[in-house]
Amino acid sequence: MAGLAPPRPAKGYRVVLLGSASVGKTALATQFTCGTFPTHCEPAVEDLFSKLIEVNKAPALLEIVDTVGATHLVTLTDLYLRNGDGFVLLYSVDSAASFQALRPLRERLRRLRGPRAAPLVLVATKADLDAERQVLTAQGRALAREWRCPFLEITAKSKLMVDQVFTQIVREMETQARAPARAPVPVPAVPPRPQQTWPSERYIG
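According to the working numbering, the sequence shown is numbered sequentially starting from 94.
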(Lines of atoms letter the chains of each structure in order from A and count residues from 1; the text may use other names and numbers.)
(Lines give C-alpha, C1' and ligand atoms only; values in the text may rest on other atoms or scores of the structure.)
Protein backbone atom coordinates (compact mmCIF):
# COMPACT_ATOMS: atom_id res chain seq x y z
CA MET A 1 0.00 0.00 0.00
CA ALA A 2 1.36 3.40 -0.98
CA GLY A 3 2.45 5.69 1.82
CA LEU A 4 3.48 2.91 4.24
CA ALA A 5 7.03 3.09 5.50
CA PRO A 6 9.09 -0.06 4.95
CA PRO A 7 9.66 -2.14 8.08
CA ARG A 8 12.83 -1.39 9.99
CA PRO A 9 15.51 -4.08 9.80
CA ALA A 10 15.97 -5.96 13.03
CA LYS A 11 19.14 -5.46 15.03
CA GLY A 12 20.97 -8.71 15.67
CA TYR A 13 22.22 -9.63 19.12
CA ARG A 14 24.07 -12.67 20.41
CA VAL A 15 22.88 -13.51 23.93
CA VAL A 16 24.93 -16.04 25.90
CA LEU A 17 23.39 -18.08 28.71
CA LEU A 18 25.93 -18.85 31.44
CA GLY A 19 25.74 -20.89 34.61
CA SER A 20 26.40 -24.26 36.16
CA ALA A 21 25.01 -27.46 34.69
CA SER A 22 21.34 -28.16 35.50
CA VAL A 23 20.38 -24.58 36.41
CA GLY A 24 17.87 -24.52 33.56
CA LYS A 25 19.60 -22.76 30.67
CA THR A 26 18.11 -25.09 28.07
CA ALA A 27 14.67 -24.93 29.67
CA LEU A 28 14.75 -21.13 29.59
CA ALA A 29 15.84 -20.97 25.94
CA THR A 30 13.38 -23.64 24.80
CA GLN A 31 10.42 -22.13 26.62
CA PHE A 32 11.21 -18.67 25.25
CA THR A 33 11.80 -19.64 21.63
CA CYS A 34 9.48 -22.64 21.21
CA GLY A 35 6.89 -22.19 23.95
CA THR A 36 7.56 -25.64 25.33
CA PHE A 37 9.19 -26.95 28.49
CA PRO A 38 11.64 -29.82 27.94
CA THR A 39 10.99 -32.67 30.32
CA HIS A 40 14.39 -34.19 29.63
CA CYS A 41 17.54 -32.48 28.37
CA GLU A 42 20.48 -34.37 26.96
CA PRO A 43 23.80 -32.66 27.73
CA ALA A 44 25.23 -30.97 24.64
CA VAL A 45 28.31 -28.94 23.85
CA GLU A 46 26.11 -26.06 22.80
CA ASP A 47 22.65 -25.29 21.51
CA LEU A 48 21.67 -22.31 19.39
CA PHE A 49 18.22 -20.76 19.43
CA SER A 50 16.86 -17.71 17.63
CA LYS A 51 13.80 -15.53 17.95
CA LEU A 52 12.61 -12.18 16.64
CA ILE A 53 11.05 -9.96 19.32
CA GLU A 54 10.06 -6.34 19.68
CA VAL A 55 11.56 -4.13 22.38
CA ASN A 56 10.76 -0.43 22.69
CA LYS A 57 8.80 -0.66 19.41
CA ALA A 58 11.86 -1.86 17.51
CA PRO A 59 12.55 -5.39 16.19
CA ALA A 60 15.45 -7.35 17.69
CA LEU A 61 16.69 -10.66 16.34
CA LEU A 62 18.22 -12.73 19.13
CA GLU A 63 20.69 -15.55 18.65
CA ILE A 64 20.71 -17.36 21.99
CA VAL A 65 23.69 -19.52 22.87
CA ASP A 66 23.02 -22.19 25.49
CA THR A 67 26.46 -23.10 26.82
CA VAL A 68 27.09 -26.37 28.59
CA GLY A 69 28.19 -26.14 32.21
CA ALA A 70 31.13 -28.52 31.82
CA THR A 71 34.49 -27.20 32.93
CA HIS A 72 36.41 -29.13 30.25
CA LEU A 73 34.93 -26.88 27.56
CA VAL A 74 36.68 -23.77 28.82
CA THR A 75 38.05 -22.75 25.42
CA LEU A 76 34.64 -22.85 23.73
CA THR A 77 32.98 -20.92 26.55
CA ASP A 78 35.75 -18.30 26.49
CA LEU A 79 35.05 -17.74 22.80
CA TYR A 80 31.45 -16.86 23.61
CA LEU A 81 32.51 -14.67 26.53
CA ARG A 82 34.69 -12.62 24.21
CA ASN A 83 32.21 -12.36 21.34
CA GLY A 84 28.78 -12.22 23.00
CA ASP A 85 26.71 -9.03 22.97
CA GLY A 86 24.82 -9.71 26.19
CA PHE A 87 24.96 -12.27 28.97
CA VAL A 88 22.36 -13.95 31.16
CA LEU A 89 23.97 -15.40 34.30
CA LEU A 90 21.80 -18.08 35.87
CA TYR A 91 21.67 -19.96 39.14
CA SER A 92 19.04 -22.21 40.63
CA VAL A 93 17.33 -21.23 43.89
CA ASP A 94 17.65 -24.83 45.10
CA SER A 95 21.45 -24.87 44.65
CA ALA A 96 23.74 -22.69 46.74
CA ALA A 97 26.68 -24.09 44.76
CA SER A 98 25.29 -22.71 41.49
CA PHE A 99 24.96 -19.28 43.12
CA GLN A 100 28.53 -19.38 44.44
CA ALA A 101 29.81 -20.38 40.99
CA LEU A 102 28.69 -17.06 39.51
CA ARG A 103 31.42 -14.89 41.02
CA PRO A 104 34.36 -16.67 39.34
CA LEU A 105 32.34 -16.77 36.12
CA ARG A 106 31.76 -13.03 36.28
CA GLU A 107 35.45 -12.39 36.98
CA ARG A 108 36.38 -14.55 34.00
CA LEU A 109 34.02 -12.53 31.83
CA ARG A 110 35.61 -9.27 32.97
CA ARG A 111 39.12 -10.59 32.43
CA LEU A 112 38.43 -11.81 28.90
CA ARG A 113 36.57 -8.71 27.71
CA GLY A 114 38.86 -6.14 29.29
CA PRO A 115 37.44 -2.61 29.02
CA ARG A 116 34.55 -3.66 26.78
CA ALA A 117 31.17 -3.47 28.50
CA ALA A 118 29.37 -6.72 29.26
CA PRO A 119 25.59 -6.17 29.49
CA LEU A 120 24.24 -8.52 32.15
CA VAL A 121 21.02 -9.86 33.58
CA LEU A 122 21.11 -12.01 36.72
CA VAL A 123 18.46 -14.75 36.74
CA ALA A 124 17.37 -17.12 39.50
CA THR A 125 15.67 -20.19 38.04
CA LYS A 126 13.23 -22.71 39.54
CA ALA A 127 11.56 -20.05 41.68
CA ASP A 128 8.64 -22.41 42.26
CA LEU A 129 10.80 -24.72 44.40
CA ASP A 130 10.30 -22.83 47.65
CA ALA A 131 10.49 -25.97 49.78
CA GLU A 132 13.97 -26.74 48.41
CA ARG A 133 15.21 -23.14 48.32
CA GLN A 134 18.85 -22.62 49.34
CA VAL A 135 19.34 -19.09 47.97
CA LEU A 136 17.14 -16.30 49.29
CA THR A 137 15.68 -13.69 46.98
CA ALA A 138 17.49 -11.04 49.01
CA GLN A 139 20.83 -12.67 48.17
CA GLY A 140 20.12 -12.46 44.46
CA ARG A 141 19.05 -8.84 44.74
CA ALA A 142 22.19 -7.97 46.71
CA LEU A 143 24.43 -9.51 44.05
CA ALA A 144 22.56 -7.69 41.29
CA ARG A 145 23.02 -4.39 43.13
CA GLU A 146 26.73 -5.10 43.42
CA TRP A 147 26.98 -5.84 39.71
CA ARG A 148 24.55 -3.03 38.81
CA CYS A 149 22.40 -5.26 36.65
CA PRO A 150 18.74 -6.32 36.56
CA PHE A 151 17.62 -9.34 38.60
CA LEU A 152 14.72 -11.68 37.91
CA GLU A 153 13.39 -14.83 39.52
CA ILE A 154 11.76 -17.09 36.95
CA THR A 155 10.01 -20.41 36.51
CA ALA A 156 10.60 -21.80 33.03
CA LYS A 157 8.07 -24.58 33.57
CA SER A 158 5.16 -22.14 33.78
CA LYS A 159 6.92 -19.43 31.70
CA LEU A 160 6.85 -17.05 34.67
CA MET A 161 9.04 -14.02 33.79
CA VAL A 162 10.71 -15.90 30.92
CA ASP A 163 9.99 -13.30 28.22
CA GLN A 164 11.08 -10.51 30.55
CA VAL A 165 14.59 -11.99 30.76
CA PHE A 166 15.21 -11.39 27.07
CA THR A 167 13.41 -8.07 26.91
CA GLN A 168 15.62 -6.88 29.75
CA ILE A 169 18.89 -8.06 28.21
CA VAL A 170 18.03 -6.26 24.96
CA ARG A 171 17.43 -3.07 26.93
CA GLU A 172 20.76 -3.53 28.72
CA MET A 173 22.58 -4.01 25.42
CA GLU A 174 20.95 -0.95 23.91
CA THR A 175 21.77 1.14 26.97
CA GLN A 176 25.42 0.09 26.81
CA ALA A 177 25.52 0.89 23.09
CA ARG A 178 24.28 4.42 23.74
CA ALA A 179 26.72 5.01 26.61
CA PRO A 180 29.68 7.27 25.80
CA ALA A 181 32.90 5.46 25.11
CA ARG A 182 35.29 5.20 28.00
CA ALA A 183 38.38 7.34 27.88
CA PRO A 184 41.42 5.35 26.83
CA VAL A 185 43.73 4.24 29.60
CA PRO A 186 46.94 6.32 29.50
CA VAL A 187 49.93 4.33 28.31
CA PRO A 188 52.83 4.66 30.74
CA ALA A 189 56.03 6.13 29.38
CA VAL A 190 58.66 3.61 28.43
CA PRO A 191 61.66 3.80 30.80
CA PRO A 192 64.88 4.97 29.17
CA ARG A 193 66.47 1.54 29.56
CA PRO A 194 63.57 -0.95 29.78
CA GLN A 195 65.86 -3.96 29.77
CA GLN A 196 67.05 -2.94 33.24
CA THR A 197 63.54 -2.27 34.55
CA TRP A 198 61.48 -5.17 33.21
CA PRO A 199 62.37 -8.87 33.27
CA SER A 200 62.73 -10.54 29.90
CA GLU A 201 59.37 -12.30 30.44
CA ARG A 202 56.47 -10.56 32.13
CA TYR A 203 52.78 -11.24 32.53
CA ILE A 204 50.39 -8.69 31.04
CA GLY A 205 46.81 -9.24 32.23
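Every residue, glycine too, gets a C-beta built ideally from N, C-alpha and C.
How far does the alpha helix (DSSP H) with K104 in it extend, from its first residue to its last?
Run containing K104: none in the alpha helix (DSSP H); it sits in the beta strand (DSSP E), 104-112.
Take R203 and list the residues in its own chain whose beta-carbon comes closer than 8 Å to its own, dropping the five residues that flank it on each side.
These residues qualify, in order along the chain: A211.
Got a sec, what are the start and stop residues for the alpha helix (DSSP H) V80 sits in?
Residue 80 is absent from the model: the chain starts at 94 and stops at 298.
Taking just the CA atoms, how far does D159 sit from D140?
So the alpha carbons of these two residues sit roughly 5 Å apart.
Please work out which residues of its chain come closer than 7 Å, Cβ to Cβ, to D171, disregarding the five sequence neighbours upstream and downstream, and give them in chain order.
Cβ within range, chain order: L205.
To the nearest angstrom, how far is the alpha carbon of R107 from that of Y173?
Spanning the two alpha carbons is a distance of roughly 9 Å.
CA nearest to the CA of T248, picked from A231, V181, A217:
Taking only the C-alpha atoms, the option nearest T248 is A217.
Would a C-beta distance cut-off of 8 Å place I157 and L110 closer than the cut-off?
Going by C-beta atoms, I157 is nearer than 8 Å to L110.
Rounded to whole angstroms, what's the CA-CA distance from R241 to G128? Just pull it up for me.
Those two C-alpha atoms are separated by around 30 Å.
Short of 7 Å in beta carbon distance, which residues of its chain neighbour V148, apart from the five on each side in sequence? Order them along the chain.
Once the five neighbours on either side are set aside, the close Cβ partners of V148 are T260, V263, R264.
Under the three-state DSSP convention, the category P131 falls into
In the structure shown, P131 adopts coil according to DSSP, grouped into three states.
Mind listing, in chain order, the continuous alpha helix (DSSP H) runs of no fewer than 4 residues lying wholly within the region 166-225?
Taking 4 residues as the shortest admissible run, the region 166-225 contains the following complete alpha helix (DSSP H) segments, listed from N- to C-terminal end: 167-176, 189-193, 195-206.
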